[in-house]
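Notes for the one structure printed next.
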Ligand code: PCA
């Protein structure tokens with residue numbers, strides 16, 4: 006078999022094409038069926054299409070490539086080129102990362118979007134210093150309290166073992182007299198099943214993802230805040246793309262941000278209804294609980310403002326000015 010010159014040419018063109026095509030790994034912490042992950046898959050498909058195949062983003066859901074708490078560092082070091090993370094879980098490193106989890110600061114989807122816009126320049130700056138480029142973020146539905154018993158007064162919360170997802174939720178628990186342990190959503194079911202924890206603050210979305218009605222009985226729709234999952238790229242990886250491909254990524258990121266927020270708002274009520282359909286008691290929080298949480302919120306807002314300094318002030322000022 007003697008290959009013809011034309012065949013050689015076709016082969017080398019194909020190889021050149023393949024060489025310029027790039028694959029990015031995108032670790033994510035939440036399940037493939039979660040709307041954040043589905044939204045990112047739409048983003049990845051759109052990027053592939055818009056770059057004419059120059060860039061393929063491969064999603065690794067559920068902490069399968071890097072666990073939730075490893076994702077940020079992996080992207081910073083270039084071990085993954087892009088990733089999604091609940092950035093507020095890194096508030097110990099920089100309080101700015103928890104701008105979205107200040108209790109009762111922004112409690113609706115509309116307010117959450119305003120807060121996101123207000124925080125964007127500061128968050129982008131903080132990420133850029135760590136070699137990462139902010140691409141987009143999407144809210145979780147409002148956060149409510151889950152328990153494995155009815156909770157009517159602050160005394161009912163005392164000593165309860167609480168699953169935290171960041172230092173803010175741990176602090177809420179601590180101020181309410183509960184005992185927090187930080188646990189990734191991917192490990193939540195096991196922690197509940199083994200009795201390591203029996204309560205948490207989270208959205209209906211995570212409650213449904215993890216079918217928490219198997220271990221908890223009560224959901225109180227506190228609407229304490231709407232935390233966000235944030236998608237960011239390794240700065241060098243992004244700069245290494247052609248200008249056209251980079252534009253595709255940023256354009257599609259903006260679309261993903263708007264689409265994700267819409268989806269979250271559309272799904273929020275259904276998640277809570279699903280909790281009830283599966284036997285959970287879904288109620289507004291009792292007045293004494295809300296009063297206690299209000300107090301806790303004030304303490305924590307002051308603490309956050311103090312620790313976040315100038316950057317925190319810039320975010321709050323921009324938010325209030327809208
Ligand atoms: N779900 C995520 C973060 C906030 C939320 O609603 C979790 O519980 O891990």
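Residue numbers (the numbering used here): 6 to 327.
All residues carry an ideal CB built from backbone N, CA and C; glycine is no exception.
Please read these numbers as outputs of a predicted model, since none were measured by experiment.
What span of residues does the alpha helix (DSSP H) with residue i cover, start to end?
i           : result
residue 238 : It is not in any alpha helix (DSSP H) - residue 238 instead sits in the beta strand (DSSP E) that spans 233-239.
residue 271 : 248-282
residue 193 : 193-198
Would you mind reading off the limits of the beta strand (DSSP E) that contains residue i?
i           : result
residue 114 : Looking at the DSSP string, residue 114 is not in any beta strand (DSSP E); the run it does join, the alpha helix (DSSP H), is 114-134.
residue 141 : 137-144
residue 309 : From DSSP, residue 309 is part of no beta strand (DSSP E) but of the alpha helix (DSSP H) over 292-325.
residue 288 : 286-288
residue 225 : 223-225
Which one of the options has the shortest CA to CA distance from residue i?
i           : options            : result
residue 178 : 256, 150, 251, 137 : 150
residue 148 : 267, 278, 300, 273 : 273
residue 37  : 214, 248, 277      : 214
residue 223 : 279, 250, 271, 191 : 279
residue 142 : 155, 89, 103, 243  : 89
residue 267 : 44, 32, 34, 103    : 44
residue 311 : 53, 99, 42, 80     : 99
residue 324 : 86, 180, 117, 256  : 117
residue 171 : 108, 57, 219, 195  : 108
residue 83  : 71, 97, 173        : 71
residue 112 : 232, 283, 258      : 232
residue 156 : 293, 138, 145      : 293
residue 241 : 169, 86, 110, 252  : 86
residue 248 : 35, 46, 40, 59     : 59
residue 139 : 53, 276, 313, 255  : 255
residue 52  : 28, 314, 295, 286  : 28
residue 191 : 40, 326, 66        : 66
residue 69  : 35, 245, 260       : 35
residue 227 : 196, 220, 199, 299 : 299
residue 91  : 304, 207, 303, 297 : 207
residue 234 : 302, 245, 210      : 210
residue 327 : 186, 96, 120       : 120
residue 123 : 136, 134, 105, 137 : 105
residue 80  : 297, 137, 173, 317 : 137
residue 315 : 260, 127, 283      : 127
residue 176 : 307, 282, 218      : 307
residue 195 : 95, 220, 184       : 220
residue 276 : 47, 152, 32, 40    : 40
residue 285 : 153, 199, 125, 261 : 153
residue 132 : 160, 95, 114, 193  : 95
residue 130 : 102, 297, 97, 230  : 102
residue 251 : 46, 57, 313        : 57
residue 115 : 301, 309, 269      : 269
Flag residue i as yes when its Cβ comes closer than 8 angstroms to any non-hydrogen atom of the ligand PCA, and as no otherwise.
i           : result
residue 146 : yes
residue 91  : yes
residue 190 : yes
residue 197 : no
residue 69  : no
residue 205 : yes
residue 110 : no
residue 211 : yes
residue 32  : no
residue 36  : no
residue 208 : yes
residue 170 : yes
residue 193 : yes
residue 185 : no
residue 290 : no
residue 232 : yes
Considering only DSSP beta bridges, list what residue i is partnered with.
i           : result
residue 186 : 168
residue 28  : 61
residue 149 : 207
residue 48  : Answer is none; residue 48 lacks a bridge partner.
With 9 angstroms set as the bound, which would you pick, yes or no: does the beta-carbon of residue i sit closer than that to a beta-carbon of chain B?
i           : result
residue 114 : Going by chain labels, chain B is absent from the structure shown, which holds only one protein chain.
With respect to 8 angstroms, is the separation between the Cβ of residue i and the closest non-hydrogen atom of the ligand NAD below this value?
i           : result
residue 324 : The ligand NAD is absent from the structure shown, which contains only the ligand PCA.
Counting only runs that start and end within the region 50-109, where is the alpha helix (DSSP H) found for 4 or more residues in a row? Secondary structure remark: continuous alpha helix (DSSP H) runs of at least 4 residues inside the region 50-109, in chain order: 73-81.
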